[in-house]
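Heads up, the sequence shown is in the numbering used here, so the first residue is 27 and it goes up one at a time.
Ideal Cβ placement from N, Cα and C applies to all residues, glycine included.
Keep in mind it's a predicted model, so treat the numbers as computed, not measured.
The block underneath contains the structure these notes are about, expressed in structure tokens.
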Amino acid sequence: EIVRGLDLQEARTGSDVCSLVNTIPCTQSVREFSITILHRSPVRVFYSSKHEADLDSYRDYLQTNRHGQIHAFAGLRGDAKDMFHDVVNGREPKVRLCLLKSGGSKNLI
């Protein structure tokens, strides 16, 4: 429960962590979550085609590779992709994702 020097158990609300990060969602109490995942860039998800991405309403990409794949090398796949979708869609309520603000990770150490 310690994130590089920040004791999440002692935080009364998410505001202690949330002052350093942008989160999905960040308004809830830290104690409501078992797992807080901090990431420095938007989460990328692999799709084998634009059509597959459209079916998931995924639009966080600028281009595809020559095979029409989205985030072919850096995107989440398999179980990690399923878990990400569960977290974002609220089916995994004990996990939250926190996108760090620019320079915010320096404050967590």
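Integer-rounded CB distance, given that residue j should sit under 8 Å from residue i
i, j, result
"arginine 122", "phenylalanine 59", "5 Å"
"lysine 76", "glycine 94", "6 Å"
"leucine 126", "proline 68", "Between proline 68 and leucine 126 the Cβ distance is about 11 Å, and since that is not below 8 Å, they are no contact."
Exposed unless 16 or more other CB atoms sit within 10 angstroms - verdict on residue i
i, result
"phenylalanine 110", "buried"
"isoleucine 61", "exposed"
"alanine 79", "buried"
"histidine 65", "exposed"
Residue of the options minimising C-alpha distance to residue i
i, options, result
"leucine 88", "Val113, Leu126, Arg70 and Arg117", "Arg70"
"valine 114", "Arg92, Phe99, Glu78 and Asp82", "Asp82"
"serine 74", "Lys127, Arg92 and Pro68", "Arg92"
Nonlocal neighbours in the same chain, by C-beta distance under 6 Å from residue i, ignoring five residues either side
i, result
"threonine 90", "Ile96"
Residues near residue i in its chain [Cβ-Cβ closer than 7 Å; skip 5 each side]
i, result
"lysine 120", "Phe59, Ser60 and Ile61"
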